[in-house]
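Read the structure below first, then the notes.
Protein chains: 2
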Amino acid sequence: MAVAAAVPAQQLGLAMISSLAFLRSRAVASVASKSCRLKFEKEVAHSNLCGAVFGRQGRRGSIVRGPCSKARNLCAYATTQESVRGPSQAGPPSTDGGVIDTSPPRGTRDFPPEEMRLRTWLFDNFREVSRSFGFEEVDFPVLESEELYIRKAGEEITQQLYNFEDKGGRRVTLRPELTPSLARLVLQKGKSAALPLKWFAIGQCWRYERMTRGRRREHYQWNMDIIGVPGLEAEAELLSAIVAFFSRLGITSKDVGIKVSNRKVLQEVLGRSVIPQRSFAAVCVIVDKIEKIPRSEVEKELAGLGLPVEAVDTILQALTLRSLDDLEELLGSENEAVLELKQLFELARGYGFEDWLQFDASVVRGLAYYTGTVFEGFDRSGTLRAICGGGRYDRLLSTFGGVDTPACGFGFGDAVIVELLKEKNLMPDLSHEVDDIVMPLEEQLRPQAAAVAARLRACGRRVDVVMGNKKMKWAFKHAERLQAKRMVLVGSAEWAKGSVRVKDLSSREEKDLPIEELV
Amino acid sequence: MAVAAAVPAQQLGLAMISSLAFLRSRAVASVASKSCRLKFEKEVAHSNLCGAVFGRQGRRGSIVRGPCSKARNLCAYATTQESVRGPSQAGPPSTDGGVIDTSPPRGTRDFPPEEMRLRTWLFDNFREVSRSFGFEEVDFPVLESEELYIRKAGEEITQQLYNFEDKGGRRVTLRPELTPSLARLVLQKGKSAALPLKWFAIGQCWRYERMTRGRRREHYQWNMDIIGVPGLEAEAELLSAIVAFFSRLGITSKDVGIKVSNRKVLQEVLGRSVIPQRSFAAVCVIVDKIEKIPRSEVEKELAGLGLPVEAVDTILQALTLRSLDDLEELLGSENEAVLELKQLFELARGYGFEDWLQFDASVVRGLAYYTGTVFEGFDRSGTLRAICGGGRYDRLLSTFGGVDTPACGFGFGDAVIVELLKEKNLMPDLSHEVDDIVMPLEEQLRPQAAAVAARLRACGRRVDVVMGNKKMKWAFKHAERLQAKRMVLVGSAEWAKGSVRVKDLSSREEKDLPIEELV
Numbered sequence: 001m002a003v004a005a006a007v008p009a010q011q012l013g014l015a016m017i018s019s020l021a022f023l024r025s026r027a028v029a030s031v032a033s034k035s036c037r038l039k040f041e042k043e044v045a046h047s048n049l050c051g052a053v054f055g056r057q058g059r060r061g062s063i064v065r066g067p068c069s070k071a072r073n074l075c076a077y078a079t080t081q082e083s084v085r086g087p088s089q090a091g092p093p094s095t096d097g098g099v100i101d102t103s104p105p106r107g108t109r110d111f112p113p114e115e116m117r118l119r120t121w122l123f124d125n126f127r128e129v130s131r132s133f134g135f136e137e138v139d140f141p142v143l144e145s146e147e148l149y150i151r152k153a154g155e156e157i158t159q160q161l162y163n164f165e166d167k168g169g170r171r172v173t174l175r176p177e178l179t180p181s182l183a184r185l186v187l188q189k190g191k192s193a194a195l196p197l198k199w200f201a202i203g204q205c206w207r208y209e210r211m212t213r214g215r216r217r218e219h220y221q222w223n224m225d226i227i228g229v230p231g232l233e234a235e236a237e238l239l240s241a242i243v244a245f246f247s248r249l250g251i252t253s254k255d256v257g258i259k260v261s262n263r264k265v266l267q268e269v270l271g272r273s274v275i276p277q278r279s280f281a282a283v284c285v286i287v288d289k290i291e292k293i294p295r296s297e298v299e300k301e302l303a304g305l306g307l308p309v310e311a312v313d314t315i316l317q318a319l320t321l322r323s324l325d326d327l328e329e330l331l332g333s334e335n336e337a338v339l340e341l342k343q344l345f346e347l348a349r350g351y352g353f354e355d356w357l358q359f360d361a362s363v364v365r366g367l368a369y370y371t372g373t374v375f376e377g378f379d380r381s382g383t384l385r386a387i388c389g390g391g392r393y394d395r396l397l398s399t400f401g402g403v404d405t406p407a408c409g410f411g412f413g414d415a416v417i418v419e420l421l422k423e424k425n426l427m428p429d430l431s432h433e434v435d436d437i438v439m440p441l442e443e444q445l446r447p448q449a450a451a452v453a454a455r456l457r458a459c460g461r462r463v464d465v466v467m468g469n470k471k472m473k474w475a476f477k478h479a480e481r482l483q484a485k486r487m488v489l490v491g492s493a494e495w496a497k498g499s500v501r502v503k504d505l506s507s508r509e510e511k512d513l514p515i516e517e518l519v
Numbered sequence: 001m002a003v004a005a006a007v008p009a010q011q012l013g014l015a016m017i018s019s020l021a022f023l024r025s026r027a028v029a030s031v032a033s034k035s036c037r038l039k040f041e042k043e044v045a046h047s048n049l050c051g052a053v054f055g056r057q058g059r060r061g062s063i064v065r066g067p068c069s070k071a072r073n074l075c076a077y078a079t080t081q082e083s084v085r086g087p088s089q090a091g092p093p094s095t096d097g098g099v100i101d102t103s104p105p106r107g108t109r110d111f112p113p114e115e116m117r118l119r120t121w122l123f124d125n126f127r128e129v130s131r132s133f134g135f136e137e138v139d140f141p142v143l144e145s146e147e148l149y150i151r152k153a154g155e156e157i158t159q160q161l162y163n164f165e166d167k168g169g170r171r172v173t174l175r176p177e178l179t180p181s182l183a184r185l186v187l188q189k190g191k192s193a194a195l196p197l198k199w200f201a202i203g204q205c206w207r208y209e210r211m212t213r214g215r216r217r218e219h220y221q222w223n224m225d226i227i228g229v230p231g232l233e234a235e236a237e238l239l240s241a242i243v244a245f246f247s248r249l250g251i252t253s254k255d256v257g258i259k260v261s262n263r264k265v266l267q268e269v270l271g272r273s274v275i276p277q278r279s280f281a282a283v284c285v286i287v288d289k290i291e292k293i294p295r296s297e298v299e300k301e302l303a304g305l306g307l308p309v310e311a312v313d314t315i316l317q318a319l320t321l322r323s324l325d326d327l328e329e330l331l332g333s334e335n336e337a338v339l340e341l342k343q344l345f346e347l348a349r350g351y352g353f354e355d356w357l358q359f360d361a362s363v364v365r366g367l368a369y370y371t372g373t374v375f376e377g378f379d380r381s382g383t384l385r386a387i388c389g390g391g392r393y394d395r396l397l398s399t400f401g402g403v404d405t406p407a408c409g410f411g412f413g414d415a416v417i418v419e420l421l422k423e424k425n426l427m428p429d430l431s432h433e434v435d436d437i438v439m440p441l442e443e444q445l446r447p448q449a450a451a452v453a454a455r456l457r458a459c460g461r462r463v464d465v466v467m468g469n470k471k472m473k474w475a476f477k478h479a480e481r482l483q484a485k486r487m488v489l490v491g492s493a494e495w496a497k498g499s500v501r502v503k504d505l506s507s508r509e510e511k512d513l514p515i516e517e518l519v
């Protein structure tokens, strides 16, 4: 860092000018602050409204819709405006001189900085909880072979694949969920993987629906999976992680509950019927739709699988159970479902999160591969869709041609949780984090300003350098917008003395500081 | 936490047994450690080999290939094994009883834990550097409208789109790069965005090539972009960030250089020719291929744009320039390209990273939209492809129908940098991070073990709970594999006294610790 020995008189004047500018800009900054805050509050209020009107979906996917055109692009997490844009509403195609459609593709989101901060905060929480439970992060391609999802059980997820044929004639799909990829990777690792595996992933998942407006075609999902543990302690660990996540965000068991059941309940009830065992998954998928489609439709679909109409009554009766005692009465105390559920609740009691759990036989989950415990996180106020869901899938690996391997896991989406945080007034206050704004007071001092910035960055500070020929007024407004902590002005008078002018933006104190003392 | 008051005699014995187990397991762990280390070293050596043979590509994309079938799935960053799997090599399709193809789709990667740790480390470095420069993170959909990339200049990137028609008949594509999405978002934000915008993104980009084996179809790219700054200080900030990133990883200006030129050099040379101005981008794209395809082919392609064969000589002559003085001699000292380049080098000198830069007129970059400065990070040993590249693109927004807005940025891939780190022996040592292994010594103490784990997690520790009915020997092997710091044993004798047994796995010291002192 070369410092000029002689200081021309005109440069000495600069320090004074900059001090005056400080004084003037103080008033300006204060006004700017107020108007910025007002604007911000308005936007937040509006986006909350949109979250309530747009994003809200009834349990199991029924959608409440409303107009909210003003919310365009304000918030990926609050609105799903992009997804409602049909071909008729699309902007003009790209032509010379025409403006391209600036919306992302239908059903997808952009993440401008304010939305990205929220996503990063959410993902960081997913990661920190997973790591605190000793899980390792993994990922898989967002594009997978379609064969990974061919399960023939009539699941919504496999009927809404975002699939296509690639240029090599292969059937591929944007992944609808993460579990089959995980199972594929476990198979690929084979015996080199030391069980149990405790893996987590955060990945974007896709679906394609033709008909529905106002639903997104992508979302991010946090998964935690345990491979190789047959006992209920695996489920207990997963549920414990979910509860740890909620607690970390300020959500209590008064806000959220987790409904728990076991696929073996349905299996036992069906065992008394004449249905072939291989249709079990299909029965579960149909039964899961009980609150979405008319009962007559459910009966018709079950009949299609060979289930006598009279058996439907038995099933639906069993699904109304809400107490383990009643379940025990129905299935007997030695029944596997009863024993497993009792053990899981006992573990939950021991772990101290029993207040979050409730037995609910109506929880079946819509995925074909579950074999045992199934669970679903729900909002106790009853207005939101399921927040997360999971269960045990001990036979997924064998359907892929591997050997049966005990496994369980859950998926936790990025959308409903944000709606819940808004409703509970638990949204974090996330602003762009910049520590210092460095500004050269003359264009020729730019290299010196860069050296100051480099020094501060090396100290771990986040430093924005003012670019272009900006006025002091602009710089202070900019600092306010970025909520910076300090303004560091590089003027030739101070520089000649080996110093810079540092202004603390909260205390409004300012002083000259030798470069070597700048941290 | 309920602690039993009375301690049965048989439980008291447990503490002794566990101490014995400690002693026995010490020897076992030591043996296991050695064999694990050996196996690991072998794998690393092998994967390094693969990195050198497989992943290496000559500058500008020429590929050196070799057989390395043993490396399958060892390392996403070291090999591109997945991409070499053609239809003839694919596993059997999913059939009842058959094993599915456990490879990810052709040209894509899985990220098992060891690869994911490397990716996370790399992305964290991207993020930390970007944030230290005051940039904000953004993201866009991985699936974009095809129209965003219709540029008609014959770029490789637009000829290799991973595009398809969605079920609604729209032309979409997996994004080949991030810049057009960024430009779209800037346009969408319109006047609500306070310029300058300093944005960064880390996103997966895709391409589809039919012919080539051994090249991946996806990679992650780190972008930093500055929108709204016309001056060269924007380029200087970006180059400074790239240099900060390299330095952070231990890479010096002896390892890596950045070739810098300016599209206005070519524009000036072309200005003396009869080529229409609107063909400028196409000329750049062709000229960029000069080292990849025969000169006769370049001449033919340029002739196709209306450029006389004799003009090619002038162009190719200009591209051989390697000094700014020679450039000044050719174009004159008042030429815009000369002035901009001189200013950028002056800033680099002031910023202190001049030793990383070199003027090289042959750098043109293959993207149509660059208008001014262009640069390319390269490995000085000359064996790797370009590490990163970028430049100024002041007219991209106007080609999308917006107003001309000064902009510049760079893309930095996730593949070549890893090859470089391996060559320079700078790969980080990343292991699965677990602090404590908690193990209940009896199945009925599982809730107590969970409570201990919960307590430690609340203290910020990463805790793995041993699940299933495991032997002490297994647990110590497991702890070694995870490089855990402590083993916390929950036995009924200690528990009855309100304590757990804690073993420091590095010092081998063990002691009973009251629960409330456990941190």
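Chains as they are written, first to last, in UniProt numbering: chain A, 1 to 519; chain B, 1 to 519. For glycine and all other residues, C-beta sits at the position ideal for the given N, C-alpha and C.
Assumed close pair G377 (chain B), I293 (chain B) - CB separation to whole angstroms, cut-off 8 Å: At roughly 23 Å, the Cβ-Cβ gap does not stay under 8 Å, so G377 (chain B) and I293 (chain B) are not in contact.
N- and C-terminal bounds of the alpha helix (DSSP H) containing W199 (chain B): No alpha helix (DSSP H) contains W199 (chain B), which is instead part of the beta strand (DSSP E) from 197 to 206.
Per-residue DSSP class, three states only, for S499 (chain A): strand
Spatially closest choice to F345 (chain A) from A:L239, A:V312, A:E433, A:Y162, by CA coordinates: A:L239
Where K451 (chain B) falls, given that 16 or more other Cβ within 10 Å makes a residue buried: The sequence as given places Ala at residue 451 (chain B); Lys does not occur at that position. A451 (chain B) comes out buried.
Beta carbon of A361 (chain B) nearer than 8 Å to that of T405 (chain B): no
C459 (chain B) - DSSP class collapsed to helix/strand/coil: coil
Inter-residue spacing [alpha-carbon to alpha-carbon] between Q221 (chain B) and G190 (chain A): 31 Å
Given L178 (chain B) as reference, the closest of A:Y351, A:P104, A:Q343 once Cα atoms are compared: A:P104
Residue span of the beta strand (DSSP E) that contains A311 (chain A), given as start and end: Careful: A311 (chain A) lies outside any beta strand (DSSP E), inside the alpha helix (DSSP H) at 309 to 319.
Cβ-based contacts, 8 Å cut-off: residues of the stretch 112 to 136 of chain A near chain B: P112, P113, M116, R117, R119, T120, R131, S132, F133, G134, E136
Cutoff 7 Å; reference M427 (chain A); Cβ partners in own chain excluding five residues on either side: L421
Beta-carbon proximity list for F245 (chain A), same chain, < 6 Å, skipping 5 on both sides: V129
Residue 534 (chain A) vs E233 (chain B) beta-carbon contact at 8 Å: The shown model of chain A, from 1 to 519, leaves out residue 534 (chain A), and the question about it has no answer.
Boundaries of the alpha helix (DSSP H) in which V418 (chain B) is found, first to last residue: 416 to 423
E299 (chain A) versus V269 (chain A): straight-line alpha-carbon distance, rounded: 16 Å
P196 (chain A) beta carbon less than 8 Å from that of V229 (chain A): yes
K511 (chain A), enclosing alpha helix (DSSP H) - first and last residue: From DSSP, K511 (chain A) is part of no alpha helix (DSSP H) but of the beta strand (DSSP E) over 510 to 514.
Within-8 Å CB hit, P514 (chain A) to chain B: no
Which of helix, strand or coil DSSP assigns to L353 (chain B): The identity of residue 353 (chain B) in the sequence shown is Phe, whereas the question assumes Leu. Residue state, collapsed to three classes: coil.
Residue environment, K511 (chain A), which counts as buried when at least 16 other CB atoms sit within 10 Å: exposed
Collapsed DSSP secondary structure at N469 (chain A) in the structure displayed: coil
Simplified DSSP assignment, three categories, for K477 (chain B): helix
Short-range partners of chain B found in the stretch 137 to 164 of chain A, where Cβ spacing is below 8 Å: E137, V138, D139, F140, P141, V142, L143, E144, S145, E147, L148, I150, Y162, F164
contact_flag[the stretch 324 to 331 of chain A, the stretch 281 to 292 of chain A] where n(CB pairs < 8 Å) is 3 or more: no
Where H432 (chain B) meets chain A, residues with beta-carbon distance less than 7 Å: E136
Residue of A:L143, A:K152, A:T158, A:V186 minimising C-alpha distance to E165 (chain A): A:L143
Rounded separation between G372 (chain A) and R216 (chain B) - CA only: 39 Å
Beta-carbon proximity list for E509 (chain A), same chain, < 8 Å, skipping 5 on both sides: K503
Simplified DSSP assignment, three categories, for L305 (chain A): coil
Minimum Cβ-Cβ distance from M487 (chain B) to chain A less than 8 Å: no
Stretch pair the stretch 475 to 486 of chain A + the stretch 144 to 161 of chain B: three plus CB contacts closer than 8 Å: no
Contact set between the stretch 394 to 421 of chain B and chain A, restricted to residues whose Cβ is under 8 Å from the partner: F400, G401, G402
Residue-chain proximity (M467 (chain B), chain A), Cβ-Cβ < 8 Å: yes
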